[in-house]
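Everything below concerns the one structure shown next.
Number of protein chains: 2
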Amino acid sequence: MSKKKKQDPDAPKTGKDLARSPRGFPDRREGLIHAQAEMIDRVTSVYRRWGFEALDTGAFEYADALGKFLPDDDRPNAGVFSLQDDDEQWISLRYDLTAPLARFAAENWQTLPKPFRRYASGPVWRNEKPGPGRFREFLQCDADTVGAPGPHADAEMIAMAAEAMRAAGAGDSEFVVRVNTRRLLNAVLSGVGASDAGTHLTILRALDKMDRLGESGVADLLGKGRMDDSGDFTKGAGLDPEQVKRVLAFAQAGRETRGETLEALGQAVGTGEEAQAGLDELTAIARALEAFGCPEGDVAFDPSVVRGLEYYTGPVFEAELLRETLDEDGNTVRIGSVGGGGRYDDLVARFTGEKVPATGFSVGISRLATAFAISGNIDALNGPVVVLNLNREDPSDALRVATELRNAGIRAEAYMGGSGMRPQMKYADRRGAPVAVMVGEDEIAKGVVTIKDLKEGAKQAAAIKSNAEYREARPGQFEAPRSEMIARVREIVEAAE
Amino acid sequence: MSKKKKQDPDAPKTGKDLARSPRGFPDRREGLIHAQAEMIDRVTSVYRRWGFEALDTGAFEYADALGKFLPDDDRPNAGVFSLQDDDEQWISLRYDLTAPLARFAAENWQTLPKPFRRYASGPVWRNEKPGPGRFREFLQCDADTVGAPGPHADAEMIAMAAEAMRAAGAGDSEFVVRVNTRRLLNAVLSGVGASDAGTHLTILRALDKMDRLGESGVADLLGKGRMDDSGDFTKGAGLDPEQVKRVLAFAQAGRETRGETLEALGQAVGTGEEAQAGLDELTAIARALEAFGCPEGDVAFDPSVVRGLEYYTGPVFEAELLRETLDEDGNTVRIGSVGGGGRYDDLVARFTGEKVPATGFSVGISRLATAFAISGNIDALNGPVVVLNLNREDPSDALRVATELRNAGIRAEAYMGGSGMRPQMKYADRRGAPVAVMVGEDEIAKGVVTIKDLKEGAKQAAAIKSNAEYREARPGQFEAPRSEMIARVREIVEAAE
Chain A
2 MSKKKKQDPD
12 APKTGKDLAR
22 SPRGFPDRRE
32 GLIHAQAEMI
42 DRVTSVYRRW
52 GFEALDTGAF
62 EYADALGKFL
72 PDDDRPNAGV
82 FSLQDDDEQW
92 ISLRYDLTAP
102 LARFAAENWQ
112 TLPKPFRRYA
122 SGPVWRNEKP
132 GPGRFREFLQ
142 CDADTVGAPG
152 PHADAEMIAM
162 AAEAMRAAGA
172 GDSEFVVRVN
182 TRRLLNAVLS
192 GVGASDAGTH
202 LTILRALDKM
212 DRLGESGVAD
222 LLGKGRMDDS
232 GDFTKGAGLD
242 PEQVKRVLAF
252 AQAGRETRGE
262 TLEALGQAVG
272 TGEEAQAGLD
282 ELTAIARALE
292 AFGCPEGDVA
302 FDPSVVRGLE
312 YYTGPVFEAE
322 LLRETLDEDG
332 NTVRIGSVGG
342 GGRYDDLVAR
352 FTGEKVPATG
362 FSVGISRLAT
372 AFAISGNIDA
382 LNGPVVVLNL
392 NREDPSDALR
402 VATELRNAGI
412 RAEAYMGGSG
422 MRPQMKYADR
432 RGAPVAVMVG
442 EDEIAKGVVT
452 IKDLKEGAKQ
462 AAAIKSNAEY
472 REARPGQFEA
482 PRSEMIARVR
492 EIVEAAE
Chain B
2 MSKKKKQDPD
12 APKTGKDLAR
22 SPRGFPDRRE
32 GLIHAQAEMI
42 DRVTSVYRRW
52 GFEALDTGAF
62 EYADALGKFL
72 PDDDRPNAGV
82 FSLQDDDEQW
92 ISLRYDLTAP
102 LARFAAENWQ
112 TLPKPFRRYA
122 SGPVWRNEKP
132 GPGRFREFLQ
142 CDADTVGAPG
152 PHADAEMIAM
162 AAEAMRAAGA
172 GDSEFVVRVN
182 TRRLLNAVLS
192 GVGASDAGTH
202 LTILRALDKM
212 DRLGESGVAD
222 LLGKGRMDDS
232 GDFTKGAGLD
242 PEQVKRVLAF
252 AQAGRETRGE
262 TLEALGQAVG
272 TGEEAQAGLD
282 ELTAIARALE
292 AFGCPEGDVA
302 FDPSVVRGLE
312 YYTGPVFEAE
322 LLRETLDEDG
332 NTVRIGSVGG
342 GGRYDDLVAR
352 FTGEKVPATG
362 FSVGISRLAT
372 AFAISGNIDA
382 LNGPVVVLNL
392 NREDPSDALR
402 VATELRNAGI
412 RAEAYMGGSG
422 MRPQMKYADR
432 RGAPVAVMVG
442 EDEIAKGVVT
452 IKDLKEGAKQ
462 AAAIKSNAEY
472 REARPGQFEA
482 PRSEMIARVR
492 EIVEAAE
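For the record, the sequence lines run as chains A and B. One point on numbering: in our numbering, the residue at position 70 of the first sequence is 71, and numbering is uninterrupted. One point on numbering: in our numbering, the residue at position 155 of the second sequence is 156, and numbering is uninterrupted.
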């Protein structure tokens with residue numbers, strides 16, 4: 002980033018120009034907020050039932066605690082939002098929930114229950130280029146066990162991830178948690194003689210594209226390179242055909258069941274020490290998954306799973322939504338990955354010097370909520386009952402009626418804008434109110450209220466041809482004695498739910 | 002702030018030094034998290050029942066949209082956290098929930114229901130010096146009506162604030178919502194001929210101290226000035242004794258009931274236009290509060306209420322907890338103000354040019370949760386049932402038992418750390434587990450589990466004198482057939498709740 006701070010004096014921002022939110026920080030309205038809150042509730046309920054406890058850390062961490070190199074530059078840590086505190090230390094907004102957990106665990110290790118099992122949910126921030134569906138602020142919901150060395154702790158994360166997917170609303174065959182281990186990947190990398198980090202990365206990136214490019218595309222990327230449809234050439238890992246074959250045999254060792262995949266992997270990875278350790282790890286995970294009663298279809302061993310982050314040291318896993326949904330424009334959308342995790346035995350050691358084995362799982366709440374919102378699992382929410390005020394002098398009667406409804410447990414409000422009937426009806430309509438209750442001096446004198454069933458009214462109105470007829474018919478509208486108001490309103494509200 | 006960025010090469014941060022959170026951003030554990038979530042839930046439930054809808058804006062706003070002067074300096078907006086985006090615009094973390102609402106309402110005014118009624122809850126950030134109980138990140142929970150000109154919209158906020166206090170757990174006489182209006186304050190200021198902003202501020206600040214300094218202290222601050230106990234002198238507003246008397250008569254016009262206070266205020270503020278407008282406003286609010294069924298003791302008219310923020314233009318209100326509580330050290334603590342609000346008719350106009358009347362209320366969730374947490378309303382939470390694994394070779398049986406318990410709806414986990422009995426018992430203890438279930442090869446062979454009631458065990462153990470006796474007695478511990486496990490565990494868990 003450039004150091005200069007331009008402020009064009011010819012183009013000061015005033016008035017409406019000011020009223021916009023920064024790119025990548027979208028406003029969220031009622032429907033999405035409820036979908037996300039509901040998802041967090043469902044997922045954390047699973048984490049809680051499995052014994053995890055809540056922990057919230059602050060939005061900021063010291064930049065050096067986030068574990069990236071801190072250059073003496075204007076803005077350290079590309080990819081995170083950082084600023085200098087008044088004591089000149091750089092602080093950064095968390096980019097995930099794992100790094101703050103590692104800091105917390107290291108800071109409090111002496112007094113924590115060991116292992117320390119915590120869940121957390123909240124926003125994380127990434128200073129990246131925003132785009133469609135790519136935000137710079139989004140919600141994650143994590144569970145981690147710090148201080149647990151065994152593969153059954155990884156298996157617990159995996160089984161719990163599957164349960165979280167089901168709790169979120171995914172049924173049989175609508176999702177899968179794919180599992181692999183870094184040990185097997187490492188064994189294969191050594192097996193083909195790939196020793197430098199660059200080649201490792203090229204191979205792992207190629208495997209990660211199996212879904213999209215298929216066998217021959219990945220084979221190109223493992224070998225000399227690949228020309229895509231637009232003519233762009235991506236340099237490959239430079240493996241010879243025999244090596245490419247071995248890597249592909251590994252990546253395609255996925256079978257119908259976990260047991261069959263284990264057998265196929267045994268063939269594909271050879272007999273080295275690291276290969277055996279990886280196979281033992283997956284075998285122990287398979288046994289634990291069985292003890293957890295985890296259905297075969299929920300979790301698959303998939304040797305093509307890579308996971309991006311550098312810090313995983315053992316098993317890695319990824320939760321994928323399989324079902325296709327329609328977006329608002331009717332296009333078919335496949336959400337894909339909605340969460341992932343793995344074992345990270347080195348993260349706490351950065352602070353303590355002592356190796357602390359840890360494993361965790363993170364759900365991307367925004368993606369999950371979007372998935373289930375666009376597929377219609379989240380119903381449109383009704384608005385409140387709106388009490389319209391026909392008395393221009395004094396709103397007290399309308400306030401009293403709204404209070405009566407609320408006291409009866411009905412969500413209700415009196416109209417708070419200026420006077421006039423038309424804006425009041427328009428308001429009730431825009432709020433999605435199921436019922437409008439009208440109160441004026443006439444109604445009070447007669448001991449009644451006028452109730453309008455807005456959904457029924459809209460239905461009847463559709464069949465009416467002229468304005469005159471409409472005014473005459475007053476569709477969906479009726480008078481009720483004040484003593485019956487609550488019962489009549491409740492009836493319509495409940496029918497609308 | 003200085004521009005230099007020191008990094009002392011002699012004192013690089015490594016290891017444990019790194020493991021600390023930035024000042025003013027405390028970590029929150031289980032108990033406080035639940036207390037805060039519960040408070041948010043209770044308060045937003047009230048807002049929802051009154052018809053408000055949810056809106057969440059992002060953490061960042063453009064600095065210029067937050068409405069403070071943006072100097073061409075390294076860090077604009079003292080008091081907020083700001084940084085430069087990659088397009089060189091300054092963005093700031095929100096310091097309250099009202100400024101983002103004003104931006105949102107201006108941006109979307111055409112399509113919103115009018116009035117627009119939203120609630121929001123979430124963290125806000127202030128770049129201030131942290132101290133005991135003063136954080137740089139805290140939770141607010143707001144409701145606002147944008148586009149509502151009438152005093153009954155203010156009255157709704159006030160009545161709802163009282164209901165929120167009750168929902169939070171405050172009973173009769175344990176809280177009060179104090180109400181005043183800027184119009185009366187302005188009338189009094191004009192009445193004593195105070196015309197410059199500096200004198201206004203000095204007078205308002207003096208009134209704000211009535212609680213702490215009493216009549217004579219405030220009289221000094223309104224007049225020539227005040228010497229405090231330490232000998233420090235604060236310059237006064239320079240009013241003459243007659244003027245001081247008038248201001249004090251106003252500030253002390255609070256009476257037992259809202260009606261009596263209105264009468265006393267009528268005497269104290271004279272007959273000017275602004276005074277009459279203020280009295281009319283409070284009279285209309287009193288009438289609306291009655292229509293809302295708001296108890297006399299919940300809301301008081303109090304002419305000494307000032308409220309700090311510059312942007313209020315009409316009624317202002319403050320929710321105060323009256324009851325005293327004991328903190329952890331047994332000291333008496335009075336929490337005081339836990340929320341406030343008022344009418345701000347000019348805030349949206351900054352964007353649109355058009356005056357949009359608005360009123361709102363904000364609850365400080367952190368303070369409220371602290372208030373009820375330290376007074377014992379939030380019970381200590383039980384930990385999960387912990388299944389201890391006595392089989393060093395294979396944890397499957399322990400995993401299976403934990404799964405069985407979870408499937409029966411009991412919060413349970415298998416111990417995930419290394420082997421050994423002692424750390425397992427210590428773990429169950431630190432987690433506050435009500436029950437430990439022990440599973441080993443012996444138990445499996447006999448078709449039983451060993452159940453330990455940890456609370457009962459601790460009670461019995463207190464009466465035991467020697468280790469030998471303890472090992473013999475195994476306090477609180479018994480064997481149960483596997484088929485009875487769920488029933489026996491559930492019994493103990495429910496008794497512990």
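All C-beta atoms in this analysis are idealised placements derived from N, C-alpha and C, irrespective of residue type, glycine included.
8 Å Cβ cutoff, residue i in contact with chain B
i: residue 20/A; result: yes
i: residue 251/A; result: no
i: residue 97/A; result: no
i: residue 483/A; result: no
i: residue 246/A; result: no
i: residue 104/A; result: yes
i: residue 338/A; result: no
i: residue 86/A; result: yes
Endpoints, the beta strand (DSSP E) within which residue i is located
i: residue 139/B; result: 138-147
i: residue 390/A; result: 386-390
i: residue 181/B; result: 176-182
i: residue 452/A; result: 449-454
i: residue 56/B; result: 54-57
Counterpart residues of residue i in DSSP-defined beta bridges
i: residue 96/B; result: None, per the DSSP bridge assignment.
i: residue 373/B; result: Looking at the DSSP assignment, residue 373/B forms no beta bridge with any residue, so it has no partner.
i: residue 319/B; result: 179/B and 341/B
i: residue 503/A; result: The requested residue 503/A does not occur in the structure, where chain A is confined to residues 2 to 498.
i: residue 478/B; result: 453/B
i: residue 128/A; result: 80/A
Below-8 Å beta-carbon distance, residue i vs any chain A residue
i: residue 31/B; result: yes
i: residue 379/B; result: Annotation note: pLDDT 49 at residue 379/B (below 50); position unreliable, coordinate value reported separately. It does not: the Cβ of residue 379/B has no partner Cβ on chain A nearer than 8 Å.
i: residue 312/B; result: no
i: residue 48/B; result: no
i: residue 133/B; result: no
i: residue 56/B; result: yes
i: residue 414/B; result: yes
i: residue 259/B; result: no
i: residue 456/B; result: no
i: residue 494/B; result: no
Distance between beta carbons of residue j and residue i, contact taken as under 8 Å
i: residue 346/A; j: residue 371/A; result: Not confirmed; about 33 Å, so no contact.
i: residue 458/B; j: residue 383/B; result: That pair is no contact at about 15 Å.
i: residue 141/A; j: residue 98/A; result: 5 Å
Residue i to residue j span [Cα, whole Å]
i: residue 216/A; j: residue 252/A; result: 9 Å
i: residue 36/B; j: residue 405/A; result: 30 Å
i: residue 493/B; j: residue 436/B; result: 7 Å
i: residue 363/B; j: residue 208/B; result: 22 Å
i: residue 480/A; j: residue 48/A; result: 51 Å
i: residue 248/A; j: residue 191/A; result: 11 Å
i: residue 186/B; j: residue 304/B; result: 8 Å
i: residue 441/B; j: residue 398/B; result: 8 Å
i: residue 70/B; j: residue 137/B; result: For residue 70/B, the predicted structure reports a pLDDT of 41, less than 50, and the residue's modelled location is therefore unreliable. A value from the coordinates is still provided. For residue 70/B and residue 137/B, the distance between alpha carbons rounds to 21 Å.
i: residue 491/A; j: residue 337/B; result: 39 Å
i: residue 219/A; j: residue 211/A; result: 6 Å
Residue i - containing alpha helix (DSSP H), residue span
i: residue 424/A; result: 422-431
i: residue 66/A; result: Where residue 66/A is concerned, there is no enclosing alpha helix (DSSP H), given that its DSSP letter is neither H nor E.
i: residue 1/A; result: In the structure as shown, chain A begins at 2 and stops at 498. Residue 1/A is therefore absent and cannot be evaluated.
Chain-ordered neighbours of residue i on chain E, where CB pairs are closer than 9 Å
i: residue 241/A; result: Looking at the structure shown, chain E is missing, and the protein chains on hand are A and B.
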